[in-house]
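Have a look at the structure below, then the notes.
Numbering (the working numbering), first residue to last: 14 to 154.
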């Protein structure tokens, strides 16, 4: 019986020492989105998509909660990310950000915004160096 207990303890120790899952890396970088205008804006970001304008976007809204993506006038938002994942993403595709007027999003149907390309600004990054060149900061206007 003692051999079974020793074997059981040995298996438990082996599993606990070698079978522990790896911790996910924490966010270690951020892009600062700055609204230097006198109007509230909405931001949305896309990755891995090569989109020339909003007319190629599908769906009702590119975001879930409009209020969560709102940047009030003269304020900023920090978009945090893990740099390793972002570097992989940029190696496979590119990253782009759209800025839209908050009042327009609240009053104009998304289909019209999409079809008529009613956006304030579009910024895209093709490489990690592009992000570094702007010091991880996107300013509107």
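Just so you know, even glycine gets a beta-carbon here, dropped at the ideal spot from N, CA and C.
Small disclaimer: the values here were computed from a predicted structure and weren't measured.
In this structure the region 36 to 56 lies against the region 85 to 102, because at least three pairs of beta carbons, one per stretch, are closer than 8 angstroms. Between residue 152 and residue 49, the beta carbon gap of about 6 angstroms places them in contact (Cβ cut-off 8 angstroms).
In this structure, the alpha-carbon of residue 104 lies about 11 angstroms from that of residue 138. Straight-line measurement puts the Cα of residue 106 at about 26 angstroms from the Cα of residue 79. Rounded to whole angstroms, the separation of the alpha carbons of residue 122 and residue 134 is 19 angstroms. The alpha-carbon separation between residue 154 and residue 125 amounts to approximately 22 angstroms. Beta-bridge partners assigned by DSSP to residue 88: 48.
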